[in-house]
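Chemist:
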Amino acid sequence: MKTFQGYRTYVASTYIGFNVVGFAINAWVLYVVAPLLFAPAIKVPKSILFYIFALCVGDLMTMIAMLLLVIELVFGTWQFSSMVCTSYLIFDSMNKFMAPMIVFLISRTCYSTVCLDKTRGEKAATLKYAIIQFCIALACVMVLLWPVFAYSQVFTFYMNPNATSQEVTVMRKCGFFPPPQIEFWFNLIACITSYAVPLFGIIYWYVSVPFFLKRRALTTLVASSSMDAALRKVITTVLLLTVIYVLCWTPYWVSMFANRIWTMEKKSIIIISYFIHLLPYISCVAYPLIFTLLNRGIRSAHAKIVADQRRRFRSLTDEASSQIRTAIRTIPGTKMKKQDFLTRTEEISSDKAASEAVSEFRDALPSQTSFPDETLL
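Numbering follows this note's numbering, in which position 105 of the sequence shown is assigned residue number 99; successive positions increment by one, without gaps.
#1: Below 6 Å CB to CB, which residues in the same chain sit around K167 once its five sequence neighbours on both sides are set aside?
#2: Counting only the same chain and skipping the five closest in sequence on each side, list residues whose C-beta sits under 8 Å from that of M88.
#3: Would you kindly report the start and end of the unbroken alpha helix (DSSP H) that includes Y189?
#4: Determine contact between the region 199 to 212 and the region 99 to 118, defined as no fewer than three beta-carbon pairs at a distance below 8 Å.
#5: Answer with buried or exposed for N20, where buried requires no fewer than 16 other C-beta atoms within 10 angstroms of its C-beta.
#6: Since A59 contacts Y82 with CB under 8 Å, what's their CB separation in whole angstroms?
#7: Which class does V148 belong to by DSSP, given the choice of helix, strand or coil?
#8: With burial defined as no fewer than 16 other Cβ atoms inside 10 Å of the residue's Cβ, what is the status of L241: buried or exposed?
#9: Measure the alpha-carbon distance for F74 versus Y105 and round it to whole angstroms.
#10: Report the residue from F32, V64, P245, I46 whose alpha carbon sits nearest the alpha carbon of Y9.
#11: From the DSSP secondary-structure annotation, give me the bridge partner or partners of K167.
#12: In the DSSP assignment, find the alpha helix (DSSP H) that holds L132 and state where it starts and stops.
#13: Go ahead and label M92 buried or exposed: buried means 16 or more other beta carbons lie within 10 angstroms of its beta carbon, across all protein chains shown.
#14: Could you tell me the distance, in whole angstroms, from the CA atom of C50 to the CA atom of I284?
#15: In the DSSP output, which residue or residues are listed as bridge partners for N397?
#16: Would you say L121 and F47 are within 8 Å of each other, going by their C-beta atoms?
#17: On a Cα-Cα basis, can you pick out the residue from I292, I270, V232 that is closest to I36?
#18: Following the continuous alpha helix (DSSP H) through I36, name the residue where it begins and the one where it ends.
#19: Quick one: grab the DSSP three-state call for W72.
#20: Compare the Cα-Cα distances from L67 to each of L272, S316, K40 and report the closest residue.
#21: Apart from the five residues on each side of it in sequence, which residues of its chain come closer than 8 Å, Cβ to Cβ, to S277?
#22: According to DSSP, is A347 part of a helix, a strand, or is it coil?
#23: Do G16 and Y275 come within 8 Å of each other at the CB atom, strictly closer than that value?
#24: Could you name the residues of the same chain whose beta carbon sits closer than 6 Å to that of P189, not counting the 5 residues immediately before and after it, in chain order?
#25: Thinking C-beta only, is H296 closer than 8 Å to L30?
#26: Decide if K40 is buried, meaning its Cβ has at least 16 other Cβ atoms within 10 Å, or exposed.
#27: A301 lies in the alpha helix (DSSP H); which residues open and close that run?
#28: So, helix, strand or coil for I287, using DSSP?
#29: Going by DSSP in three states, L30 sits in which element: helix, strand or coil?
#30: Quick one: give me the first and last residue of the alpha helix (DSSP H) that L182 is part of.
#31: Are the beta-carbon atoms of V5 and Y268 separated by less than 8 Å?
#32: Expressed to the nearest angstrom, what Euclidean distance is found between the alpha-carbon atoms of V232 and R210?
#33: Do you know how far the Cα of T311 is from the Cα of D86?
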């Protein structure tokens, strides 16, 4: 029992570590992506920004649900009501559906904006089209999750009864225990719709992009260096997403069906299942980070917004300090000396000259152009 308690402490510490990292990374990605959703003249398609935003929001909800699991691990029993149990299982199940589907939609959008004709590419890049697709996917997921609503509950177990002291250990567990037939079909449909189909779509659409770019390079005068960079970027993205997807989701779905075939010692099943259950949470950390760091357009657009905000803040503080100095020098009952008047005149002239210089610099900036690899997530 002490050995099992030690394993449970190790599992809880691991979960807490990934929970903290998940909150931090998804909050940072939201900080980067959210201001770009409604910013003008952004090179990255609004649809991709919305999908990354939705992915982060969903991951943060999953991290909140993960907190409940961590509390159960720490105390060894479920501490909350049946309604909270159902909410936890819904958020946890939505992560297993929504995260792969959003990655699936991002890969489809990248393919559409790069490989399809201009009309369909522009449609796929719009925010409105992304919201519609996301809402349809969310509605389908909620329909598929009806067994979770129906068969989630808190179970009470009575363990280690002591007839002498008239004591018994009470343990409460939050679980999803549908009838065997419903459980089998639910797992099968969920595996197909949230694992097999997204994996096929991600590989097919991302692999189609470099072939399209290669064909276009043979028929157009595209610089070989820029084309090679775009191909390397696509290949890197495909490899990263595929490896993370397979490593994080394959053990989870294999374990779902393996439990019906093989029997293992109970403590081993619990410990192994906890670590397998941790893998989808790791994907919640990896996906937003990959989509943000590998997209140069997102990084440069965010850097530009931050620089503009800092410039605006400095301009406001300089203007406020200038007005304060002016107000102090023109207080009634005080006389402005000749030297002060000349100093103030020089300050106004220098401020005007600086303003004109900034205006000329902005006018001289080249117009914003789009780069072919901004949508190659």
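We treat Cβ as the ideally placed atom computed from N, Cα and C, and that holds for glycine.
Modeler: The structure says:
#1: W72, F149
#2: G52, M55, T56, V135, L139
#3: Element bounds for Y189: n/a, residue is neither H nor E.
#4: yes
#5: buried
#6: 5 Å
#7: strand
#8: exposed
#9: 45 Å
#10: V64
#11: F149
#12: 121 to 138
#13: buried
#14: 12 Å
#15: There is simply no residue 397 to check, as the chain begins at -5 and stops at 371 in what is shown.
#16: no
#17: I292
#18: Looking at the DSSP string, I36 is not in any alpha helix (DSSP H), and its letter there is neither H nor E.
#19: coil
#20: L272
#21: A93, I238, Y239, C242, W243
#22: Its pLDDT being 49, under 50, A347 is placed unreliably by the model, and nothing is read from it.
#23: yes
#24: It is Tyr, not Pro, that sits at residue 189 in the sequence shown. Cβ within range, chain order: W243, W247.
#25: yes
#26: buried
#27: 290 to 323
#28: Reading the sequence as shown, one finds Leu at residue 287 and not Ile. The answer is helix: DSSP assigns L287 an H, G or I state.
#29: helix
#30: 174 to 185
#31: yes
#32: 20 Å
#33: 47 Å
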